[in-house]
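Encoded as structure tokens, the structure appears first; notes follow it.
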Amino acid sequence: MKAITINQTGDLNQLTVDDIAVPKPSDTDVLVKIHYAGVNFIDIYQRMGKYPGPMPQTIGSEASGIVEQVGKKVKRFSPGDRVAYSMVFGAYAEYAVVPENKLVALPENISFELGAAIMLQGLTVEYLTSDCFKVAKDMNVFIHAAAGGVGLLLTQIVKAKGAKVIGTTSTEDKAELAYKAGADHVILYTKDDFLENTINYLGENQMHVVYDSVGKTTLMKSLSLLRERGSLISFGQSSGNPPSINPLDLQKQGSIYLTRPTLASYIREPHELTKRAKTLFEWIDEGALNIRIDRKLDIDDAHEAHRLLESRSTAGKMLLKVI
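Everything in the sequence shown is counted per my numbering, starting at 22 for the first residue and increasing by one.
What follows is the structure in structure tokens.
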């Protein structure tokens, strides 16, 4: 089968279009014939070695497709079922083996494209706004990279919950997308200091929560946006690893809560995954969440997909078409 693999960690040039054997499912696994794979920053982190493992590795951790074969102990799925998943490596391929407890059944109204576009970023938004911090009406919420894959979804759901959204983007075009998603105020971080701009717009220390997926270049200033007992949710590091924070800095700012969550911790149990996916599908069905697919590339163009994502040249979700 065709797969995008690496034989060593590193830059874009490590990605190879390879021909490898179709994997065999164990008794508790499902073999999925992949239709679309989602492209995410976690794929870049995998390629660069942040998730060590034996070589060669097949890149990717989010996909949708059809159940091809099930293990002897699998109860919930049968060949022919439409499914999607995230947080299982090996998605940039024609087939992938996925544990039964990591799969979600796709409702008929959710296309394969949509299924591959929402499993990682959509589920992330669900737990970020309901568990890491419970967003509520009239709160002030700051979202870095508000026109990114997660950012556009976060903006929509935060607005649906009745909160005010202040976001950052790199360009006017991306700012327009953030406004269309519901943002109340958008800052071009390439032109303005986001901390000064926010203070001028809303006043000092007004944010109930900051969602920071950028990391190195934003984290310390993000702290300064928060009100007393506010929350800083650091859930990504697109600009590099965040700096170390002295716990006393959280005290000085006013008993700030800081967390670095990961989706895996919030879908560890099958019932959690099912519950969060149900909420996600309901948001889409009710019109609270509109998924913007930036572009679809052929699986052979995974190199280009990583280049575009690393250069922040996308707004919304990028997919690899497998079949």
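Even for Gly, the Cβ is constructed at its ideal location relative to N, Cα and C. Remember, predicted model here, so these are calculated numbers, not experimental data.
Should residue i be labelled buried (16 or more other beta-carbon atoms within 10 Å of its own) or exposed?
i	result
A84	buried
H4	The shown model of the chain, from 22 to 344, leaves out residue 4, and the question about it has no answer.
Y222	exposed
M76	exposed
G275	exposed
T211	exposed
N34	exposed
N161	buried
Q142	buried
G81	buried
L149	buried
Q29	exposed
G74	exposed
K93	exposed
Taking the CB atoms as reference points, tell me whether residue i and residue j lie closer together than 9 Å.
i	j	result
L52	Q90	yes
E147	I178	yes
G337	I314	yes
L253	T219	no
A168	V186	no
H324	D233	no
A298	L175	no
L247	V231	yes
A126	A58	no
R97	L124	yes
A202	K180	yes
I277	G257	no
C153	P282	yes
M339	L318	yes
S243	F133	no
A105	I139	yes
T335	G170	yes
S259	R333	yes
In the DSSP output, what is residue i paired with across the bridge?
i	result
M339	V60, R316
D50	P120
I131	According to DSSP, which records beta bridges pairwise, I131 is partnered with nothing at all.
R68	Per DSSP, none; premise fails for R68.
T189	I208
Q90	L52
R103	I87
T26	T37, T79
A114	A24
Nearest-angstrom Cα distance between residue i and residue j?
i	j	result
N262	R103	37 Å
H206	V95	48 Å
E129	F62	28 Å
F302	I131	8 Å
I344	H56	5 Å
Y116	K54	5 Å
N226	S151	23 Å
V109	E331	21 Å
E290	T49	15 Å
I41	A114	9 Å
L209	T190	5 Å
L36	T26	6 Å
P46	I87	14 Å
S286	K195	31 Å
V156	G188	15 Å
L216	H229	15 Å
Can we count residue i as close to the ligand GDP, meaning its CB is less than 8 Å from some heavy atom?
i	result
R333	This structure simply doesn't include the ligand GDP, nor any ligand for that matter.
Could you pull out every unbroken alpha helix (DSSP H) segment of at least 4 residues lying fully inside the segment 122-185, listed in chain order? The qualifying runs are 133-139, 142-148, 170-181.
Along the chain, which unbroken stretches of the beta strand (DSSP E) at least 3 residues long are found entirely within the segment 226-293? 228-233, 247-255, 278-280
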